[in-house]
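Reading through the structure tokens given below for one structure.
There are 2 protein chains.
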Amino acid sequence: MDSGKEKEGGGALTPQRQAVLRVVRESEEHLTAAEIFTRAQKLLPKISYATVYNSLRYLKETGLLGEITFGNAASRYDRETARHDHAICTACGKLLDFDLAETVSLMKAAARRSRFKPESIHLTLVGLCPDCSDKPDGKRRKR
Amino acid sequence: MDSGKEKEGGGALTPQRQAVLRVVRESEEHLTAAEIFTRAQKLLPKISYATVYNSLRYLKETGLLGEITFGNAASRYDRETARHDHAICTACGKLLDFDLAETVSLMKAAARRSRFKPESIHLTLVGLCPDCSDKPDGKRRKR
DNA sequence: TCGCGATTTAGAATTATTCTAAATCCACTT
DNA sequence: AAGTGGATTTAGAATAATTCTAAATCGCGA
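Protein chains in written order, with the numbering used here: chain A, 14 to 156; chain B, 14 to 156.
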């Protein structure tokens with residue numbers, strides 16, 4: 014089929030793409046494109062902002078990482094690519110991954126009700142993270 | 014209680030705010046701010062774009078309408094303010110409201126799992142609407 | 001009528017993201 | 001070893017959505 018090293022699905026995992034992927038994989042948090050750019054520059058000082066976006070698009074399309082959007086905030090990128098749910102804190106902005114088996118069965122119910130042919134389902138819990146619900150009026154760091 | 018006409022929660026339902034509210038309420042679809050601006054101009058020719066945004070924020074905060082965000086697309090506004098779910102078509106962009114009772118019980122499960130203090134839950138089904146799943150390769154009008 | 005807080009307005013500013021066009025890179029040929 | 005072509009990267013401009021700013025305007029109560 015193909016050479017077996019560089020090209021497979023539709024493109025190569027270039028050094029820039031590897032750097033972006035590594036940044037996302039090595040972060041505990043869900044970074045924005047801007048944060049990824051800053052960190053990727055430490056690995057590849059000449060990388061450009063556009064390349065970060067290009068790479069993120071490529072990595073998303075090839076299923077190597079996921080994108081999370083919520084509200085009008087900047088997208089965040091997720092090293093976890095299996096389907097899963099999110100919780101977002103209204104006070105500090107923390108974003109947590111978790112997985113509920115029930116969500117998938119809800120997808121079927123939603124498909125039946127809406128008459129849509131289902132492709133995926135997005136569930137986001139909005140509330141206060143443990144830290145913020147302890148200190149009732151904590152420093153709400155805007156992110 | 015209060016004067017009974019203009020001010021209640023924290024502000025007045027000015028003609029501009031009324032116009033924006035009316036536009037959203039009278040549309041079957043979920044409009045974007047730009048679409049709302051265009052239609053509101055027909056009611057109040059001098060209304061400004063900023064006022065549409067200001068009004069939308071006000072109406073959202075006072076619970077008179079809802080905002081829907083998905084992906085990196087522009088926000089859409091929803092006359093339905095009770096909690097409900099959404100389905101979005103990947104081919105034509107159609108956005109549908111529906112309501113599943115199970116979503117609320119999922120909120121409790123999600124809260125338990127994530128340890129967040131729940132405030133609300135957002136469920137979005139992504140897939141093909143009935144029209145688009147009929148004609149397999151239909152004219153995917155970008156919205 | 002005056003004064004005042006709330007609201008509106010026009011346009012500038014900001015933020016996130018995408019686009020453009022020119023350079024670079026690399027594997028493959030010659 | 002030079003030449004080609006496609007994919008990728010780069011810098012910066014462009015676009016799109018939304019928010020901000022500062023100056024008018026509105027409407028009510030003193």
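Even for Gly, the Cβ is constructed at its ideal location relative to N, Cα and C.
Short of 8 Å in beta carbon distance, which residues of its chain neighbour residue i, apart from the five on each side in sequence? Order them along the chain.
{"i": "Gln54(B)", "result": "Ile60"}
{"i": "Glu124(A)", "result": "Note that residue 124(A) is Ala in the sequence shown, not Glu. Excluding residues within five positions, the ones whose Cβ falls inside 8 Å are Lys130 and Pro131."}
{"i": "Leu56(A)", "result": "Ala32, Arg35 and Val36"}
Does DSSP classify residue i as helix, strand or coil?
{"i": "Ile49(B)", "result": "helix"}
{"i": "Arg128(B)", "result": "coil"}
{"i": "Ser133(A)", "result": "strand"}
{"i": "Arg30(B)", "result": "helix"}
{"i": "Arg38(B)", "result": "helix"}
{"i": "Leu57(A)", "result": "coil"}
{"i": "Ala63(B)", "result": "helix"}
Once you ignore the five residues that flank residue i on each side, which residues in its own chain have a CB closer than 7 Å to its CB?
{"i": "Thr116(B)", "result": "Asp98, Ile134 and Leu136"}
{"i": "Lys18(B)", "result": "Residue confidence for Lys18(B) is low, a pLDDT of 35 falling below 50, so the modelled location carries little weight and cannot support an answer."}
{"i": "Ala46(A)", "result": "Val65, Tyr66, Leu69, Ala87 and Ser88"}
{"i": "Arg92(B)", "result": "Val37, Arg38 and Leu78"}
{"i": "Arg71(A)", "result": "What sits at residue 71(A) in the sequence shown is Tyr, not Arg. Cβ within range, chain order: Gly24 and Arg30."}
{"i": "His43(A)", "result": "Ile81, Arg89, Tyr90, Asp91 and Leu108"}
Could you compute how far the alpha carbon of residue i sits from the alpha carbon of residue j?
{"i": "Tyr90(B)", "j": "Leu119(A)", "result": "25 Å"}
{"i": "Leu108(B)", "j": "Leu77(A)", "result": "28 Å"}
{"i": "Thr51(B)", "j": "Val37(B)", "result": "12 Å"}
{"i": "Thr27(B)", "j": "Ala122(A)", "result": "41 Å"}
{"i": "Ser40(A)", "j": "Asn85(B)", "result": "23 Å"}
{"i": "Tyr62(B)", "j": "Phe129(B)", "result": "37 Å"}
{"i": "Cys102(A)", "j": "Ile49(A)", "result": "21 Å"}
{"i": "Thr94(B)", "j": "Ser127(A)", "result": "19 Å"}
{"i": "Ala5(B)", "j": "Thr75(B)", "result": "Here chain B comprises residues numbered 14 to 156, so residue 5(B) is not present and cannot be evaluated."}
{"i": "Lys148(B)", "j": "Asp112(A)", "result": "34 Å"}
Going along the chain, which residues of its own chain have a beta-carbon closer than 6 Å to the beta-carbon of residue i, five neighbours each way excluded?
{"i": "Ser159(B)", "result": "In this structure chain B extends from 14 to 156, so residue 159(B) is not present and cannot be described."}
{"i": "Leu138(A)", "result": "Ala100"}
{"i": "Lys73(B)", "result": "Glu80"}
{"i": "Asp110(B)", "result": "Glu93 and His97"}
*Any residues in the region 69-87 of chain A with a beta carbon nearer than 8 Å to a beta carbon of chain B? Which ones, in chain order?*
Thr82, Phe83, Gly84 and Asn85
*In the region 134-145 of chain A, which residues sit with their C-beta less than 9 Å from some C-beta in chain B, listed in chain order?*
Ile134, His135, Leu136, Thr137, Leu138, Val139, Gly140, Leu141, Cys142, Pro143 and Cys145
*Please list the segments of the beta strand (DSSP E) lying wholly inside the region 77-125 of chain A, counting only runs of 3 or more residues, in order along the chain.*
79-81, 89-91, 98-102 and 108-111
*Interface positions of the region 122-134 of chain A facing chain B (Cβ-Cβ less than 7 Å), listed along the chain*: Ala122, Ala123, Ala124, Arg126, Ser127, Arg128, Phe129, Lys130, Pro131, Glu132, Ser133 and Ile134
_Cβ-based contacts, 8 Å cut-off: residues of the region 86-111 of chain A near chain B_ = Ser88, Asp98, Ala100, Cys102, Thr103, Leu109 and Phe111
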